[in-house]
Each structure stands twice: as structure tokens, then as C-alpha cells.
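Numbering (this note's numbering), first residue to last: 39 to 110.
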């Protein structure tokens with residue numbers, strides 16, 4: 039079963055693929071803006087520990103810690 043932290047990494051991979059597609063289509067401004075927004079979000083999450091995307095995903099998917107506790 040997917041958990042919120044794993045889904046966050048999947049969403050990040052999708053965003054990076056979107057950025058590569060935009061750059062490949064020579065839409066450099068859009069690729070730059072999406073990259074810049076992702077960088078700011080990751081920077082804020084790294085400094086404060088608050089990640090808005092993860093908070094939203096935790097409402098949809100269970101956190102990974104719950105999955106580990108069920109196995110034990």
C-alpha cells in the first residue's frame with residue numbers, strides 16, 4: 039500500500055518529468071518557474087519541517103509510520 043511519503047516522492051518524480059518535457063519542448067520559462075517553485079517548497083520543508091504537499095497527501099494516504107507499526 040502506498041503511504042504519504044512514498045506518494046510525495048512519486049509526485050516529485052512526475053514534476054521532474056514534467057520539467058524535462060517542458061525543457062524539451064523549449065518552454066524554458068515554464069520549466070524554470072516550475073523548478074523554482076519546487077526548489078522553494080523543498081527549501082522551506084528542509085528548514086522548517088513543514089511541507090504543504092505532504093500535509094495534503096497525509097489526508098488522502100496514511101503516513102508510512104502507521105504502515106511500519108502494523109507490520110510489527
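Glycine residues also receive a C-beta, built at the ideal position from the N, C-alpha and C atoms. Nothing here was measured: the structure is a model prediction, and the numbers come from that model.
{"Asked": "Residue 64, buried or exposed, once every other Cβ within 10 Å from all chains shown has been counted against 16", "Found": "exposed"}
{"Asked": "Residue 39: first and last residue of the uninterrupted alpha helix (DSSP H) it sits in", "Found": "Here residue 39 belongs to no alpha helix (DSSP H), and DSSP marks it neither H nor E."}
{"Asked": "Alpha-carbon to alpha-carbon, residue 69 and residue 94", "Found": "24 Å"}
{"Asked": "Under the three-state DSSP convention, the category residue 89 falls into", "Found": "coil"}
{"Asked": "Distance between residue 66 and residue 46 (C-alpha atoms, nearest Å)", "Found": "25 Å"}
{"Asked": "Where residue 75 falls, given that 16 or more other Cβ within 10 Å makes a residue buried", "Found": "exposed"}
{"Asked": "Beta-carbon proximity check, residue 41 vs residue 100, cutoff 8 Å", "Found": "yes"}
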